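Here the protein sequences line up with chains X and B, keeping their order.
Residues in the first sequence are numbered consecutively from 1, following the working numbering.
Residues in the second sequence are numbered consecutively from 203, following the working numbering.
Step one of this worksheet: look at the structure below.
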Amino acid sequence: MNTAQFLTIFISAVFLYNVILSRFLGLCSFVAISRETKPAMAMSLAVMFVTIMSSIITWFIYRFLLIPFELTYLRTISFILVIATFVQFVEMVIRKISPPLYRFFGIYLPLITVNCAVLGVAVLNIDMFFTNSKAIPGSFYYSVFQGICVGLGYALAMLLMSGIRERLDLCDVPKAVKDFPLAFIIASVMSLSFLGFNGFRF
Amino acid sequence: MKKFLNEFLKGIIKENPTFVLVLGLCPTLAVSVSVINGIGMGIAATFVLLGSNIIISLMRNIIPARIRIPCFIVVIATFVTITELVMKAYSPALNRALGIYVPLIVVNCIVLGRAEAYAQKARVINSLFDGLGMGVGFTLALILISGIREFLGAGKILGYTLFKGFEPAFVLGMPSGALLVIGLLLGFFNILKNRRT
């Protein structure tokens, strides 16, 4: 475990291989919810929370359940079930404890179950921080940190996009590209500018 | 027979999952660098759609309504795991090229969307044709997008160079190219739709 590795994970998850703009994970929610800044931020916070928690949970499941019993081929099924259950559980807890918070991001939580970003991070963690079904040193910390960084990358893209789209409401755009098509074209230009980070060397 | 044909055809044009319903875009954009990848992803998704539609339609009277989503996800995840294992065994190169997007078919909105909107209410044979049609529509959309990207971004189709001296626009092979192509195609289909009405 060293600091350089953490820095690499941070730069690559937030800028280089941004979940949305480069890996295309969570694109549906990105296009659908980025019309205004406030709901976009609520969604980003919810996604960040769930990616961090699912990184932790899936790491423990893989390390202490699937590897010892040689069940690694059940990775996809077990991960998606655990994530779906966890999201449902969080929704119930929030509804009980804090109704204002539930109103704030209640409707976005169920959507996260089928958000590719959450399962994507879990699978990426396993691909990157396990070699030959063995955890590399510090793999737990790397996994959690990658969960945080992917959430940050998602929030960054959401914030930029919703800001641009709020301005776009005031513009006169061709009827054919209104809404979805234009959102993709803008995302394309954003992705192009993020490509500039590719020159980073350590 | 005509009814089944309609079920099959609606997924290809009228309710095309990519261009009309705008679902399941993550794999569409990520793997459409080359036509081969697009076809591989299309076939894998079609298999999962077909299998999950049939099984969910068979179990539609057994699954309790309140826990239907987890049940659907287990069925879908099973078929995805089968696909993953088969692909790893018989086509490791394709598996490497598609990477994490193979397990991510589980969260592809098209599959869960068809289960929720169609298969849980329809008869088995109808669901079969619906799944097949949606799968073929998805595959055709992938071929269209990846064809444009491979031709303009690398100057090739299916790995063969078409013109000598064609200077490819590399940006179309990059992630931003995928977003640009889908944005322009969606706009193009909107123009067609507006003209017809």
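Beta carbons are placed, not taken as given, at the ideal position from N, Cα and C, and that holds for glycine.
Computed from a prediction, not measured in an experiment: that's the story for all the values here.
Tell me, to the nearest whole angstrom, how far the beta carbon of residue i is from that of residue j; I am working on the premise that it is less than 8 Å.
i, j, result
"L21 of chain X", "F194 of chain X", "5 Å"
"L260 of chain B", "V326 of chain B", "6 Å"
"Y62 of chain X", "I126 of chain X", "6 Å"
"S54 of chain X", "I83 of chain X", "5 Å"
"G227 of chain B", "L119 of chain X", "Note that residue 227 of chain B is Leu in the sequence shown here, rather than Gly. In fact, because the Cβ distance is near 15 Å, the residues do not count as touching under 8 Å."
"L382 of chain B", "I185 of chain X", "6 Å"
From what residue to what residue does the alpha helix (DSSP H) around residue i run?
i, result
"S55 of chain X", "T37 to I61"
"F221 of chain B", "Note, F221 of chain B: premise wrong, no alpha helix (DSSP H); not H, not E."
"N18 of chain X", "Neither: N18 of chain X is in no alpha helix (DSSP H) and is coded neither H nor E."
"M203 of chain B", "Looking at the DSSP string, M203 of chain B is not in any alpha helix (DSSP H), and its letter there is neither H nor E."
"G301 of chain B", "Looking at the DSSP string, G301 of chain B is not in any alpha helix (DSSP H), and its letter there is neither H nor E."
"Q88 of chain X", "R75 to I97"
"E166 of chain X", "S139 to L168"
"C171 of chain X", "First-last for C171 of chain X: undefined, no H or E at that position."
"F197 of chain X", "Per DSSP, F197 of chain X belongs to no alpha helix (DSSP H) and is neither H nor E."
"S259 of chain B", "V237 to L260"
"Y292 of chain B", "R270 to Y292"
"R397 of chain B", "P377 to R398"
"P229 of chain B", "L227 to V233"
"D332 of chain B", "V326 to A356"
"G120 of chain X", "C116 to F129"
"L27 of chain X", "L27 to I33"
Between the Cα of residue i and those of the options, spot the shortest distance and give me the residue it belongs to.
i, options, result
"A401 of chain B", "B:V308, B:I307, B:G333 and B:F365", "Outside the shown range of chain B (203 to 399) lies residue 401 of chain B, about which nothing can therefore be said."
"E369 of chain B", "B:E352, B:F221, B:A247 and B:T283", "B:E352"
"V308 of chain B", "B:A247, B:V383, B:M336 and B:V373", "B:A247"
"L159 of chain X", "X:M41, X:V31, X:I9 and X:N2", "X:M41"
"R208 of chain X", "X:I164, X:M53, X:S12 and X:A4", "One cannot answer for residue 208 of chain X here, as it falls past the ends of chain X, which runs 1 to 202."
"L207 of chain B", "B:L330, B:P229 and B:P272", "B:L330"
"A371 of chain B", "B:A343, B:V383 and B:G357", "B:G357"
"N115 of chain X", "X:Y141, X:V87, X:R167 and X:K96", "X:V87"
"Q5 of chain X", "X:A183, X:S143, X:L182 and X:G151", "X:S143"
"F79 of chain X", "X:V93, X:W59 and X:S98", "X:W59"
"T220 of chain B", "B:N396, B:I384 and B:I393", "B:I384"
"L388 of chain B", "B:K366, B:L251, B:Q322 and B:A343", "B:A343"
"I112 of chain X", "X:V14, X:G151, X:C171 and X:S188", "X:G151"
"R262 of chain B", "B:Q322, B:F390 and B:E217", "B:Q322"
Give a yes or no on whether the minimum CB-CB distance between residue i and chain X is below 8 Å.
i, result
"T341 of chain B", "no"
"A147 of chain B", "With chain B running from 203 to 399 in the structure shown, residue 147 of chain B is simply not present."
"L231 of chain B", "yes"
"I347 of chain B", "no"
"T220 of chain B", "no"
"E344 of chain B", "With the sequence shown as reference, residue 344 of chain B is identified as Leu, and Glu is not the correct amino acid for it. No, no contact with chain X."
"V282 of chain B", "yes"
"C273 of chain B", "no"
"G355 of chain B", "no"
"E286 of chain B", "yes"
"V326 of chain B", "no"
Looking at chain B, is there any beta carbon in it that lies within less than 8 Å of the beta carbon of residue i?
i, result
"A46 of chain X", "no"
"G138 of chain X", "no"
"I185 of chain X", "yes"
"L119 of chain X", "yes"
"F24 of chain X", "yes"
"A176 of chain X", "yes"
"I77 of chain X", "yes"
"A40 of chain X", "no"
List, in order along the chain, the chain A residues whose C-beta lies closer than 8 Å to that of residue i?
i, result
"I312 of chain B", "Going by chain labels, chain A is absent from the structure shown, which instead holds the protein chains X and B."
Which residues, in chain order, does the region 234 to 267 of chain B contribute to contact with chain X at a C-beta distance below 9 Å? With the criterion set as a beta carbon lying under 9 Å from some beta carbon of chain X, the region 234 to 267 of chain B has no members that meet it.
If you measure beta-carbon to beta-carbon, which residues of the region 145 to 174 of chain X are closer than 7 Å to chain B? Cβ contacts with chain B come from no residue of the region 145 to 174 of chain X.
Return the residues of the region 361 to 387 of chain B that lie within a Cβ-Cβ distance of less than 9 Å from chain X, sorted by chain order. Going along the region 361 to 387 of chain B in chain order, one finds V373, M376, P377, S378, G379, A380, L381, L382, V383, I384, G385, L386 and L387 with a Cβ nearer than 9 Å to chain X.
Contact list for the region 293 to 309 of chain B against chain X, Cβ threshold 7 Å: Flagged, chain order: I302, P305, L306, V308 and V309.
Report the residues of the region 58 to 73 of chain X with a CB closer than 8 Å to any CB of chain B, ordered along the chain. So the list reads Y73, given in the order they occur along the chain.
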